[in-house]
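Visitor: First the structure, which I've put down as structure tokens, then a few questions once you've had a look.
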Amino acid sequence: TTRLTAVRLLRSLRDEATMPRRSLSARDRDTALRILRQNSPVGRLISRNTRDLLRRYYKEGRISTPIADREVDDRFLNMSDDERHIYELVEVYIRETYNKASASTKTAVGFVMTIYRKRLASSFYALTKTLEKRLAAIKKGDGSISGTTDEDLPDDDLAEELLDTDEVTEMEREALNFEERSSIEDLLLRVSSLPPDTKARELRTVIDELRASGYNQVMVFTQFTDTMDFLRDQLRTAPGLKMMCYSGRGGEIPIGDSEWEQIPRDQAKRRFKNGDADVLLCTDAAAEGLNFQFCGALINYDLPWNPMRVEQRIGRIDRVGQKYPKIRIVNLQYDDTIETAVYRVLQERIGFFTSVVGKLQPILSSVPQRIAAAVLGTDTPSGDNRLIAGIEEAIATTEGTSFDL
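Position in the sequence shown counted from 1, then plus 1032, gives you the numbering used here.
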């Protein structure tokens, strides 16, 4: 019956006047999906074992290695009044600077303004370092720029491929024409008066909680090396806490009171595995090819706009052979921000961080562009609501019309 239906279906599809491709009946649509699944070359070449399937195999005795469960703890933190005021001032500066740009320069200005926003969401220290570099370039007055790194490139893979060093430098130069020296100086003055971030204080609390509950080693991820440097200075004075760092600079271990010594990548992994450090502070450079099945706890100090990058971080410890039956994941987020609103809807609608997202990956990969559009053009709550509604609609549409290879 399926074969006859398939023949009829394929004949009908040749004539769009008889049956437009987007007007299949429910029965024909189900048949088409079955045919695609049964005859997909992917199915003949790949055997995909999800974690849920492996857990079932373990319960049935088919495999001997247990698969760890994830326990996700979201910490939505309220900014202090001073932090919230500066956060809002930066938001206003971003929108006003972007709106001043001409049509031909909006891409360049938007690129630089999103750097401000992502660094602000990471730490006020990372924001400060960027403001200092931009102010130095303005004072120099010759259009020279320094300081933008790979960490500042857009979070979607396509955008990264399209941007090379010369393009980035040129966009930075164009954006300088629309930035106000007095505004940057004012922001720097205000940020310099802040005490350590609210998140930095919470980080120490979370580390203590995890270690007290039996997780002797903890990985702490951040998107920016500047934030990592800030955190290691904040945590270094903690009594009895041994630290290491890993970033694009390689591994680093403390020597003396304030110095750090660089060590090779493999040595950093070996030292952490041997218990030479209780905390590994790292950027997303550690999310590329390093496996830490011996560590059962991970803290996201910030959350990249591309959710799949967070999943890559978690994948460093959520691997076959993980020695802890339960992996602890703690996400530190400033409450009442666009980024937090997006992550909340992803968790509520698709169980992100705990479930297989499969066919929803195209939606997740579009999140960076959606957030960027919102932070550059949104100045009212209704704009934020449109962003969330758009993501929810995309999820609903994808869930109802596509299938997971």
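All C-beta atoms in this analysis are idealised placements derived from N, C-alpha and C, irrespective of residue type, glycine included.
(1) Whole-angstrom Cβ separation of Leu1378 and Pro1339, contact assumed at under 8 Å?
(2) Between which two residues does the alpha helix (DSSP H) holding Ser1279 run?
(3) Leaving out the 5 sequence neighbours to the left and right, which residues in its chain are closer than 6 Å to Cys1327 when beta-carbon positions are compared?
(4) Nearest CA to the CA of Phe1256: which residue from Cys1277, Arg1236, Leu1220, Glu1380?
(5) Between which residues of its own chain and Lys1358 is the CB-CB distance below 7 Å, once the five residues before and five after are set aside?
(6) State the DSSP-derived secondary structure class of Tyr1130, mapped to helix, strand or coil.
(7) Bridge partners of Ile1361, per DSSP?
(8) Can you name the residues that DSSP bridges to Tyr1366?
(9) If you draw a straight line from the C-alpha of Ile1118 to the C-alpha of Ile1285, how long is it?
(10) How is the alpha helix (DSSP H) around Pro1394 delimited, first residue to last?
(11) Between the C-alpha atoms of Pro1073 and Ser1079, what's the straight-line distance to the nearest angstrom?
(12) Hey, would you say Tyr1333 sits closer than 8 Å to Thr1259, going by beta carbons?
(13) Could you check what DSSP says for Pro1286 in three-state terms: helix, strand or coil?
(14) Please report how far the alpha carbon of Glu1217 lies from the alpha carbon of Glu1380, in whole angstroms.
(15) How long is the line joining the alpha carbons of Glu1424 and Asp1367, rounded to whole angstroms?
(16) For Gln1344, which residues from the same chain have a beta carbon less than 6 Å from its beta carbon, with the 5 sequence-adjacent residues on both sides left out?
(17) Whose C-beta lies closer than 8 Å to the C-beta of Glu1234 among residues of the same chain, with five residues either side of it excluded?
(18) Could you work out which residue in Ile1427, Glu1212, Ile1370, Pro1394 is closest to Ala1404 when comparing CA atoms only?
(19) Return the CA-CA distance between Ile1420 and Gly1307, expressed in angstroms with no decimal places.
(20) Which of the three DSSP states, helix, strand or coil, is assigned to Val1352?
(21) Which whole-angstrom value is the C-beta distance of Ala1270 and Arg1236, which I expect to be below 8 Å?
(22) How many Å lie between Leu1312 and Asp1062 at the Cα?
(23) Among Asp1310, Asn1323, Asp1298, Arg1297, which has the Cα closest to the Cα of Gly1272?
(24) For Phe1304, name the three-state secondary structure that DSSP assigns.
(25) Check this for me: beta carbons of Leu1167 and Arg1222, under 8 Å apart or not?
(26) Report the option in Thr1160, Leu1322, Ile1295 whose CA atom is closest to the CA atom of Asp1229.
(27) Give me whichever residues DSSP pairs with Phe1028 in a beta bridge.
(28) Just list the residues that DSSP pairs Trp1292 with in beta bridges.
(29) Return helix, strand or coil for Phe1262, following the three-state DSSP convention.
(30) Once DSSP output is grouped into helix, strand and coil, what is the label at Thr1269?
(31) Under the three-state reduction of DSSP, which class applies to Pro1227: helix, strand or coil?
(32) Per DSSP, what kind of secondary structure is Ile1095 in: helix, strand or coil?
(33) Gln1325 and Gln1354: beta carbons closer than 8 Å?
(34) I want to check one thing, is the minimum distance from the CB of Ser1154 to the heavy atoms of the ligand NAD below 7 Å?
Guide: Looking at the atomic coordinates:
(1) 6 Å between Cβ atoms; contact.
(2) First-last for Ser1279: 1275-1279, but that is the beta strand (DSSP E), not the alpha helix (DSSP H).
(3) Correct list, in chain order: Gln1249, Met1251, Ile1349.
(4) Cys1277
(5) Ala1100, Asp1101, Glu1103
(6) helix
(7) Val1104, Leu1330
(8) Leu1109
(9) 34 Å
(10) 1393-1397
(11) 11 Å
(12) yes
(13) In the structure shown, Pro1286 falls within a strand segment according to DSSP collapsed to helix, strand and coil.
(14) 40 Å
(15) 20 Å
(16) Setting aside the 5 residues that flank it on each side, Gln1344 is surrounded in the same chain by Ala1319, each with a C-beta closer than 6 Å to its C-beta; the list follows chain order.
(17) Arg1107, Leu1109, Leu1364
(18) Nearest of Ile1427, Glu1212, Ile1370, Pro1394 to Ala1404, Cα basis: Ile1370.
(19) 43 Å
(20) coil
(21) Contact between Ala1270 and Arg1236 holds, since their C-beta atoms are separated by about 6 Å, short of 8 Å.
(22) Put simply, the backbone Cα of Leu1312 is about 49 Å away from that of Asp1062.
(23) Nearest option by C-alpha distance: Asp1310.
(24) helix
(25) At least 8 Å separates the beta-carbon of Leu1167 from that of Arg1222.
(26) Thr1160
(27) A question about residue 1028 goes unanswered here, because the residues of the chain that appear run from 1033 up to 1437.
(28) Per DSSP, Pro1286.
(29) Phe1262: helix per DSSP, three-state reduction.
(30) In this structure, Thr1269 counts as coil in the three-state DSSP scheme.
(31) coil
(32) coil
(33) yes
(34) As presented, the structure is devoid of all ligands, the ligand NAD included, so that no description of it is given.
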